[in-house]
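In my numbering, the protein residues as written are 2 to 207.
Below: the structure, in structure tokens.
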Ligand SMILES: C[S@@+](CC[C@H](N)C(=O)[O-])C[C@H]1O[C@@H](n2cnc3c(N)ncnc32)[C@H](O)[C@@H]1O
């Protein structure tokens, strides 16, 4: 879903350990700005080999302002579902991109976020199944994932896509990833991924 990165100036919103920034440089990106709220994540990102074309900075995406027309690609992996004011962030990202530039991001799929986890329901035939809880009710959802009481912001898929469209983006691709039947046959544990999409990958263009 990513465009050719050669010679592009990138921003990674919620860069974590900087995996994408380093990979983007190997793909020819000319400059990468990695932003994250967590000092611990940034410390790990900065601990690797120094690359003058990769810059890390602490920023809160709830309030971040980037210079207009500064970037040829905005990227974000599994971070936007922590952001409460998604509309403000997307309008700001739109302004920060050059015309024709892409925003490519992944989020936890709202069906997964709104489901009853980690519990399973048992169908009449004895099969375990997944249940969605109040999908239409948007807002904070608290879960125990890595740490207790992690707060994520649930939005319907429609709200996410309409926020992009209302901000001026053209939605180019939406992928609700699931394995193929061949992959499930090879690794039966993947069958769970057919019950519900865990992540959604979205490409939009200014
Ligand atoms: C699940 S991690 C993903 C990290 C990285 N993008 C990756 O794919 O490996 C989510 C990241 O979002 C960051 N984050 C959460 N809320 C944020 C906020 N308001 N502003 C900036 N970063 C935030 C966290 O610190 C964390 O590094």
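Cβ coordinates follow ideal geometry from the N, Cα and C atoms, glycine included.
Remember, predicted model here, so these are calculated numbers, not experimental data.
query, result
"When 106, 147 and 138 are compared against residue 81, the one with the closest alpha-carbon", "106"
"Residues near residue 6 in its chain [Cβ-Cβ closer than 6 angstroms; skip 5 each side]", "25, 28, 29 and 30"
"Alpha carbon of residue 202 to alpha carbon of residue 127, nearest angstrom", "32 angstroms"
"Any non-hydrogen atom of ligand 1 closer than 7 angstroms to residue 113 Cβ", "no"
"Coil, strand or helix - residue 1 by DSSP", "A question about residue 1 goes unanswered here, because the residues of the chain that appear run from 2 up to 207."
"Span of the beta strand (DSSP E) around residue 55", "55 to 59"
"beta-carbon residue 39 near ligand 1 non-hydrogen atom, thresh 7 angstroms", "yes"
"Boundaries (first-last residue) of the beta strand (DSSP E) holding residue 7", "Element bounds for residue 7: n/a, residue is neither H nor E."
"Chain-order list of residues whose beta-carbon lies under 6 angstroms from that of residue 134 (same chain, five-residue window excluded)", "115 and 117"
"heavy atom of ligand 1 below 7 angstroms from residue 141 C-beta", "no"
"Cβ-heavy atom distance, residue 61 to ligand 1, below 7 angstroms", "yes"
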